[in-house]
């Protein structure tokens, strides 16, 4: 079960926090201003091996960037569309 802790408590008790994570495998969500800022837990849980086939799901679960991200994606698509074709005869082109 993930426990909740404030940033202030995490800073004041950082050594104890790390010990509870390292030796008891506990996980914490660190709250700042009443909102989740980070989740911290054992390194072994975060270092798991991933497969290339997991990439679509990983990307799908990333947070949406909003209108700025959408505008950036449109700009990239437009830039790609106006690029000259690459010569297939010249591998360096």
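Residue numbers (our numbering): 1 to 93. Quick reminder that beta carbons are idealized off the backbone N, C-alpha and C, glycines included.
I need the straight-line Cα distance from residue 19 to residue 5, nearest angstrom please.
15 Å
For residue 1 and residue 44, what's the separation of their Cα atoms in angstroms?
Their backbone Cα atoms lie some 16 Å apart in a straight line.
Specify, as a first and last residue, the run of the alpha helix (DSSP H) that residue 56 falls within.
55 to 60
Who are residue 28's beta bridge partners in DSSP?
3 and 40
May I ask you to list the residues that DSSP assigns as paired with residue 35?
32
Would you mind giving the Cβ-Cβ distance between residue 32 and residue 59, rounded to the nearest angstrom? I have them listed as a contact below 8 Å.
Contact flag wrong, Cβ pair sits at about 27 Å.
Using three-state DSSP, classify residue 82 as helix, strand or coil.
In the displayed model, residue 82 falls within coil according to three-state DSSP, outside both helix and strand.
Rounded to whole angstroms, what is the Cα-Cα separation between residue 82 and residue 76?
10 Å
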